[in-house]
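**Q** To start, I am sharing the structure in question, which I have written as structure tokens.
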Ligand code: PMT
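Residue numbers (this note's numbering): 37 to 435.
Structure (structure tokens):
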């Protein structure tokens, strides 16, 4: 998987820096080109010459004092990289990366690269468990970085707990898994809907809901990372669509969303409906702003089309995935929707739980299948949930 890949290996100032020597050797053995970038403190733990010999490349340490024969600067290095691995990564560097600080060669190159990013934190257990470090890890996960969990065990500081640098062979396997993931949905066309709809009462007021679009946008991002062709139809949200999208449409109302979804349905192999579509819309939309002269105003509502249910009726061999945002008797409601809409699976978020559902960057989901199976997951980032859903879609595509 790594043969011919260009890997930038960032080494930071942790006692585990010596284990990055073995990591360099293993990556070279797999056929990758390795360019080591060290922070100033990393050089206090291991001599750059060791990495230079193992990687067969001069080590980069300083933004401004490059060896004369070495002409690379941070942007070209960032462009060239297939993977940017930081192993070990200290709490200090994690914090810099999470807040976009770029004050040395490693952090500057990291900020400039579009390569797959893999971070292997290694530190004292208290530092690792500190809420600030955990927040930084969450931020980086949400920016699409792959964070390998440290191991539990005896730490160099004398404590026992989580924070140990994993075995270098396991790190290589982790990177290989990500490399493999890049291509595993190649050739699959995925239509995703995200965000709320707005059902206008007059030119200014509308009925809507709290959907931020985050879940749907993370699905689009994750599917692109895995090589799928992605069409995203989005309700009004304040998110930027992923840059490499094949098809993107912004819509406002449920009727507009239905029109776009119907147009793209023949193109798609898979449809994931993460959008929170308004079930009703005002029967009449006032042309002018409704004045407050009346004591009471009655708004008559009519049913919107059920976009997903109609797709279920003409499903064929396409994979249909629904979402359900529920507050009461969640599982039976979700199962009912799964069957009524003829879906392959439905992702249930119990929106009464903290950290789940609308607006937040995390979610707590259960996935329900037609055969009665239910899978339950802990609190995860929406990006992680997106990958879980795509893993299950991949398995269904193979059947
Ligand atoms: O956007 P975020 O802030 O990240 O929040 C994510 C989310 C909570 C919005 C999302 O994860 C979610 O649960 N979306 C679906 C919420 C919902 O409206 O569920 P529902 O039970 O009303 O609809 C069930 C399914 O039918 C959904 O896939 C929905 O897109 C679809 N539907 C519903 C009504 C309708 N008229 N047409 C539809 O296609």
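We put the beta carbon where it would ideally sit given N, CA and C, even for glycine. Predicted, not measured: the structure shown is a model, and the values here were computed from it.
(1) Here's the rule I'm using: 16 or more other beta-carbon atoms within 10 Å means buried, otherwise exposed. How should residue 259 be labelled?
(2) Count the CB pairs spanning the region 313-329 and the region 226-246 that are closer than 8 Å, and state whether there are at least three.
(3) Could you give the DSSP three-state label for residue 79: helix, strand or coil?
(4) From the DSSP output, in three-state form, read off residue 115 for me.
(5) If residue 221 sits next to residue 426, beta carbons under 8 Å apart, how far is it from one beta carbon to the other, in whole angstroms?
(6) Run through DSSP, which three-state label would residue 386 get?
(7) For residue 281, which residues in the same chain have their Cβ closer than 8 Å to its Cβ, ignoring the five residues on either side in sequence?
(8) Less than 8 Å between the beta carbons of residue 69 and residue 87, yes or no?
(9) So is residue 386 buried or exposed if we call it buried at 16+ other beta carbons inside 10 Å?
(10) CA-CA distance, residue 402 and residue 413?
(11) Measuring CB to CB, does residue 91 end up less than 8 Å from residue 49?
(12) With a threshold of 7 Å on Cβ separation, who are the neighbours of residue 262 within its own chain once the five nearest residues in sequence on each side are excluded?
(13) According to DSSP, is residue 399 helix, strand or coil?
(14) Please classify residue 424: does DSSP put it in a helix, a strand, or coil?
(15) Do residue 133 and residue 146 have their beta-carbon atoms positioned less than 8 Å apart in this structure?
(16) Is residue 122 helix, strand or coil when you go by DSSP?
(17) Thinking just about the alpha-carbon of each residue, which of 355, 418, 371 and 391 is nearest to the one in residue 429?
(18) Using the C-alpha atoms, what's the distance from residue 283 back to residue 200?
(19) In whole angstroms, what separates the C-alpha of residue 334 from that of residue 318?
(20) Taking only the alpha-carbon atoms, compute the straight-line gap between residue 309 and residue 359 and give it to the nearest angstrom.
(21) Identify every residue that forms a DSSP beta bridge with residue 268.
(22) Shorter than 7 Å, the distance from the beta carbon of residue 212 to the closest heavy atom of ligand 1, or not?
(23) I'd like to check one pair, residue 67 with residue 38: are the Cβ atoms closer than 8 Å?
(24) Can you give the Cα-Cα distance for residue 104 and residue 177, rounded to whole angstroms?
**A** So, to answer that:
(1) Position 223 of the chain shown, counting from 1, holds the residue named residue 259. The residue in question, residue 259, is buried, as its Cβ has 16 or more Cβ neighbours within 10 Å.
(2) With the rule of 3 Cβ pairs closer than 8 Å, the region 313-329 counts as touching the region 226-246.
(3) The count along the chain shown starts at 1 and reaches residue 79 at position 43. Here residue 79 sits in helix by DSSP.
(4) Along the chain shown, one-based indexing puts residue 115 at 79. When secondary structure is reduced to three states using DSSP, residue 115 falls in the helix class.
(5) Reading the chain shown from its first residue, position 185 is the one you call residue 221. Reading the chain shown from its first residue, position 390 is the one you call residue 426. Their Cβ separation, rounded to whole angstroms, is 7 Å, which keeps residue 221 and residue 426 in contact under 8 Å.
(6) On the chain shown, residue 386 is found 350 positions in, with the first residue counted as 1. The answer is strand: DSSP assigns residue 386 an E or B state.
(7) Indexing the chain shown from 1 puts residue 281 at position 245. Correct list, in chain order: 256, 260, 266, 267 and 268.
(8) What you label residue 69 is simply residue 33 of the chain shown in a count that begins at 1. What you label residue 87 is simply residue 51 of the chain shown in a count that begins at 1. Cβ distance not < 8 Å, so residue 69 and residue 87 don't count as in contact.
(9) Here the question's residue 386 lines up with position 350 in the chain shown. Here residue 386 is buried: its Cβ has 16 or more other Cβ atoms, across all protein chains shown, within 10 Å.
(10) Translated into the one-based positions of the chain shown, residue 402 becomes position 366. Translated into the one-based positions of the chain shown, residue 413 becomes position 377. For residue 402 and residue 413, the distance between alpha carbons rounds to 6 Å.
(11) Position 55 of the chain shown, counting from 1, holds the residue named residue 91. Position 13 of the chain shown, counting from 1, holds the residue named residue 49. Against a cut-off of 8 Å, the Cβ pair of residue 49 and residue 91 comes out as no contact.
(12) Counted from its first residue, the chain shown places residue 262 at position 226. Excluding sequence neighbours, residue 262 sits near 217, 218, 220, 221 and 426.
(13) On the chain shown, position 363 is the one that residue 399 refers to. Looking at residue 399 - three-state DSSP - the assignment turns out to be strand.
(14) For the purposes of this step, residue 424 is identified with residue 388 of the chain shown, where counting begins at 1. If DSSP states are grouped into helix, strand and coil, residue 424 belongs with the helices.
(15) If you number the chain shown from 1, residue 146 lands on position 110. If you number the chain shown from 1, residue 133 lands on position 97. Yes.
(16) Stepping through the chain shown from its first residue, residue 122 is reached at position 86. Three-state result, residue 122: strand.
(17) If you number the chain shown from 1, residue 429 lands on position 393. Taking the Cα of residue 429 as reference, the smallest distance to any Cα among 355, 418, 371 and 391 is reached at 355.
(18) Locating residue 200 in the chain shown gives position 164, counting from the first residue. Locating residue 283 in the chain shown gives position 247, counting from the first residue. Approximately 43 Å, taken between the alpha carbons.
(19) Here residue 334 is taken as the residue at index 298 of the chain shown, counted from 1. Here residue 318 is taken as the residue at index 282 of the chain shown, counted from 1. Each residue's CA atom was taken as its position, placing residue 334 and residue 318 some 10 Å apart.
(20) Locating residue 309 in the chain shown gives position 273, where the first residue counts as 1. Locating residue 359 in the chain shown gives position 323, where the first residue counts as 1. Counting only the Cα atoms, residue 359 lies some 6 Å from residue 309.
(21) As a position in the chain shown, residue 268 is number 232, starting the count at 1. Answer is 228 and 284, bridged to residue 268.
(22) As a position in the chain shown, residue 212 is number 176, starting the count at 1. Checking the Cβ of residue 212 against ligand 1 gives no.
(23) As a working mapping, residue 38 is identified with position 2 in the chain shown. As a working mapping, residue 67 is identified with position 31 in the chain shown. Here residue 38 is near residue 67, since their CB atoms are less than 8 Å apart.
(24) Along the chain shown, read from residue 1 onward, the residue named residue 104 stands at position 68. Along the chain shown, read from residue 1 onward, the residue named residue 177 stands at position 141. The predicted model places residue 104 with a pLDDT of 47, which falls under 50 and marks its position as unreliable, so this point remains unresolved.
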